[in-house]
Amino acid sequence: MNRKKVVTLSCLCADVFDNKVTAGGETLNFAANCCHHPHLSLYVIGAIGNDEYGKEILRSMEGKAIDKSHVYILDGKTAFNRTYLTEEGDRYYKEDSWHSGVMMDYKLSEEDKELLRSADLVQVTTHSPNFNEVIECKKESYFPLAADFDIRRDYENWDELLPFVDYVFISGDEEVIERAKEFSKRYDKSIFIVTLAEKGSVAFKDGMRYDCKAVKVDTVTDTTGCGDSYAAGFLAEYLLSGDIDKSMEKGSERASETLKFIGGFKY
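Numbering-wise, the working numbering puts -10 at position 8 of the sequence shown, and it's gapless, one number per residue.
What follows is the structure in structure tokens.
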């Protein structure tokens, strides 16, 4: 089997709950939900501190088919997010929840950039401290890029970014769906995927709409990492089959599993 090289960066953090600390961050959640696919070779780029949270992140990656050679241990604190859960399992944050640690100071090395250029797919969030570096790298050398826009709504700035993004993931609602449809007509080679929590997901390619229902879960324990899990399921399948409908189904299945436990993945 011809394995696809997938590189994801650069949010590695600890999710701190009331009675539990789990390794997480969008990058690690995505990689951990991809690494069981035999047609993928997973690489992670990011920086962690030389503290207990950093050790927990490394421990969570043990035994997983994830290349850690671009995970850098720096002197300082690992990023962490104090996460709160409602009785329904929905996560929420407070003003002082996020602590960025050494992650925000890391700049991509030439070796990191070479890895990006050699990838069959690069995955990143638009709030990653290295996102602009990824865009500049893609301007120099083409590689397929998936970007998670999450709840970002500064649409007037998107035209500067979308020419360089092949897979656009957005957490949204009906208004976002309409925006994604219009953007997909302008950027007809890209796929726009809008995740709608329990309402499922909607995707567009060249204005054509695809719909997928959410997989029902009896009890929601924690919504942390569901969007990352969906993206992992979608992209892993799309790299294999190129089928949007099937990829959305795989994304929904992966997200539904993540709802059943605390944190973005099991380890």
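Glycine included, each C-beta is placed from N, C-alpha and C at the ideal position.
Closest Cα partner of residue i within the set the options
{"i": "Thr108", "options": "Arg134, Lys(-14), Glu138, Ser166", "result": "Arg134"}
{"i": "Glu156", "options": "Lys171, Gly182, Asn139, Val147", "result": "Gly182"}
{"i": "Ala5", "options": "Leu22, Cys17, Met43, Leu217", "result": "Met43"}
{"i": "Leu(-6)", "options": "Ile39, Cys17, Cys16", "result": "Ile39"}
{"i": "Glu8", "options": "Cys16, Lys2, Asn1", "result": "Cys16"}
{"i": "Glu142", "options": "Ile159, Lys121, Gly154, Glu160", "result": "Lys121"}
{"i": "Tyr249", "options": "Lys37, Phe(-1), Arg41", "result": "Arg41"}
{"i": "Ser123", "options": "Lys95, Gly154, Glu235, Ala47", "result": "Lys95"}
{"i": "Asp0", "options": "Lys37, Gly45, Gly36, Leu67", "result": "Leu67"}
Same chain, Cβ closer than 8 Å to residue i, five either side skipped, listed in chain order
{"i": "Tyr88", "result": "Ser(-8), Gly28, Ala29, Tyr54, Leu56, Pro111, Asn112"}
{"i": "Gly71", "result": "Thr201, Val202, Thr203, Asp204, Thr205, Leu241"}
{"i": "Leu97", "result": "Val(-11), Tyr25, Ile27, His52"}
Contact set for residue i: own chain, Cβ-Cβ below 6 Å, skip 5 residues either direction
{"i": "Ile117", "result": "Phe146"}
{"i": "Phe186", "result": "Ala162, Lys163, Ser166, Phe174"}
{"i": "Leu90", "result": "Asn112, Glu115"}
{"i": "Ala14", "result": "Phe247"}
{"i": "Lys(-13)", "result": "Ser23, Ala101, Asp102"}
Nearest-angstrom Cα separation, counted from residue j out to residue i
{"i": "Phe243", "j": "His81", "result": "23 Å"}
{"i": "Glu93", "j": "Met190", "result": "39 Å"}
{"i": "Val184", "j": "Lys171", "result": "17 Å"}
{"i": "Asp193", "j": "Asp227", "result": "8 Å"}
{"i": "Asn114", "j": "Trp140", "result": "13 Å"}
{"i": "Phe12", "j": "Ala213", "result": "7 Å"}
{"i": "Gly58", "j": "Leu10", "result": "19 Å"}
{"i": "Thr65", "j": "Phe247", "result": "15 Å"}
{"i": "Ala61", "j": "Ser79", "result": "11 Å"}
{"i": "His19", "j": "Glu69", "result": "33 Å"}
{"i": "Gly31", "j": "Gly83", "result": "7 Å"}
{"i": "Glu180", "j": "Asp33", "result": "37 Å"}
{"i": "Asp188", "j": "Val199", "result": "32 Å"}
{"i": "Tyr315", "j": "Asp136", "result": "As shown, the chain starts at -17 and ends at 249. That puts residue 315 outside it, with no answer to give."}
Residue i, enclosing alpha helix (DSSP H) - first and last residue
{"i": "Asp200", "result": "Note, Asp200: premise wrong, no alpha helix (DSSP H); not H, not E."}
{"i": "Ser123", "result": "Neither: Ser123 is in no alpha helix (DSSP H) and is coded neither H nor E."}
{"i": "Asn11", "result": "8 to 16"}
Cβ pair residue i, residue j closer than 8 Å
{"i": "Val150", "j": "Phe125", "result": "no"}
{"i": "Tyr75", "j": "Asn63", "result": "yes"}
{"i": "Leu127", "j": "Asp148", "result": "yes"}
{"i": "Leu217", "j": "Gln105", "result": "yes"}
{"i": "Gly233", "j": "Gly245", "result": "no"}
{"i": "Ser153", "j": "Thr177", "result": "yes"}
Spatial neighbours of residue i in its chain, beta-carbon cut-off 7 Å, leaving aside the 5 residues before and after
{"i": "Lys50", "result": "Val26, Met43"}
{"i": "Glu231", "result": "Cys194"}
{"i": "Arg(-15)", "result": "His21, Leu22, Ser23"}
{"i": "Cys208", "result": "Ala237, Thr240, Leu241"}
Terminal residues of the beta strand (DSSP E) in which residue i lies
{"i": "Asp193", "result": "190 to 194"}
Minimum Cβ-Cβ distance from residue i to chain D less than 8 Å
{"i": "Tyr54", "result": "No chain D is present in this structure, which holds just one protein chain."}
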